[in-house]
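Enquirer: Residue numbers (this note's numbering), protein chains in the order written: chain A, 210 to 312; chain B, -3 to 138. Using N, Cα and C, we set each Cβ at its ideal position, and we do this for glycine too.
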C-alpha cells in the first residue's frame, strides 16, 4: 500500500475554517490560508532554534558574544517552541474529536 | 514578535551594565599604574549611559529599540592625580614626587556593587517576562 502525505487528501488539506465546508469556492492553496500560517510560524520557530544554536556555538568557540545574549536567545527559542507545541496539541485534539464522530 | 521587545530592552541593559563592570574592573586593575601609552598616570574612566528612546510616543511604544539603553561614551576623569613623595620610584619627577592614578578603590567598589545590583535587576526583568509568557502559554491548560 502506498503511504501518502496527509495533506494530499482533498478532505484533509482544506482545514481552513468555513471555506473548507464548501460554502465558498475558494481553493485551499489561497495565500493566507491555515497551512500557510502554520508553515510560516513553524519557520519562525525553526529560525529561533537556529539562532540559539548559532549563539551557543559562538559562545563555545570563544567568539565575542555575551553570555546573557545567548541565554535570552535560548529562552526565546524555548518559549516559541512551546507555543508551537500548544498549537500542535490543539490541532491533534480537534482531529481526534472529528475521528470520534459517529457516522 | 511583540514578545522580543521587552527582552531586547533588558538585553541592552545587561550589555550596558557588563561594559560598566568592565570599566570598573579596569579602574581597579590600574589603581597603581603610573605610566600609560598616552603618558602620565592612568586616569579613572567612567561610562555615560544613553537612552535610545526615540522622539515620538509611537517610536517608543512601537519599536524594540525604544527604551533600550547603551553606553554612549567612556570618559576619562580629569581630577588631578594622587601625588606621593617617593624619590626611589622610576616615574618620580625632579622633586621626587610620583603621580598615582586618581582612582579611589572604595568608590570603585561601591560602583561595582551598584553595577552588579543593576545587572541583577535586569535579569529579574528578563525572568519576569519569561514567567508572563509561560503564564500566557498555560491559558486553557486547565
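Over what stretch of residues does the beta strand (DSSP E) that includes residue 42 of chain B continue unbroken?
Expert: Taken as a continuous stretch (DSSP letters only), the beta strand (DSSP E) holding residue 42 of chain B covers 41 to 47.
Enquirer: Start and end of the beta strand (DSSP E) containing residue 68 of chain B?
Expert: From DSSP, the beta strand (DSSP E) with residue 68 of chain B extends over 65 to 72.
Enquirer: Going by DSSP, what residue range makes up the beta strand (DSSP E) through residue 94 of chain B?
Expert: 93 to 96 is the span of the beta strand (DSSP E), which, as asked, contains residue 94 of chain B.
Enquirer: Is DSSP giving residue 99 of chain B helix, strand or coil here?
Expert: Three-state DSSP puts residue 99 of chain B in coil, outside helix and strand.
Enquirer: For residue 96 of chain B and residue 13 of chain B, I'd like the C-alpha separation in whole angstroms.
Expert: Cα to Cα, the separation comes out at about 27 angstroms.
Enquirer: At least one CB of chain A closer than 9 angstroms to the CB of residue -3 of chain B: is that the case?
Expert: A caution first: residue -3 of chain B carries a pLDDT of 48, below 50, which makes its placement in the model too unreliable to give a value.
Enquirer: DSSP on residue 301 of chain A, reduced to helix/strand/coil?
Expert: Note: residue 301 of chain A maps to helix in three-state DSSP.
Enquirer: Give me the chain B residues within the contact set of residue 291 of chain A, using Cβ-Cβ distance strictly less than 7 angstroms, ordered along the chain.
Expert: Residues of chain B passing the Cβ test: 133.
Enquirer: Assign residue 71 of chain B to buried or exposed, taking buried as 16 or more other Cβ atoms, counted over all protein chains shown, within 10 Å of its Cβ.
Expert: Per the 10 Å Cβ criterion, exposed.
Enquirer: For residue 308 of chain A, count neighbouring C-beta atoms within 10 Å of its own C-beta (all shown protein chains included) and say buried if the count is 16 or more, exposed if not.
Expert: Exposed.
Enquirer: Going by the beta-carbon positions, is the gap between residue 30 of chain B and residue 73 of chain B smaller than 9 angstroms?
Expert: For residue 30 of chain B and residue 73 of chain B, no; Cβs fall outside 9 angstroms.
Enquirer: Does DSSP classify residue 78 of chain B as helix, strand or coil?
Expert: DSSP places residue 78 of chain B in strand when its eight states are reduced to three.
Enquirer: I need the boundaries of the alpha helix (DSSP H) containing residue 255 of chain A, first residue and last residue.
Expert: First-last of the alpha helix (DSSP H) with residue 255 of chain A: 243 to 269.
Enquirer: What are the residues in the stretch 102 to 132 of chain B lying within 8 angstroms of chain A by C-beta distance?
Expert: Taking 8 angstroms as the Cβ-Cβ cut-off against chain A, the residues of the stretch 102 to 132 of chain B that qualify are 119, 122, 126, 129, 130.
Enquirer: Tell me which same chain residues have a C-beta within less than 8 angstroms of the C-beta of residue 279 of chain A, skipping the five on either side of it?
Expert: Answer for residue 279 of chain A: 261, 264, 265, 267, 268, listed in chain order.
Enquirer: Expressed to the nearest angstrom, what Euclidean distance is found between the alpha-carbon atoms of residue 306 of chain A and residue 300 of chain A?
Expert: Distance between the alpha carbons of residue 306 of chain A and residue 300 of chain A is about 10 angstroms.
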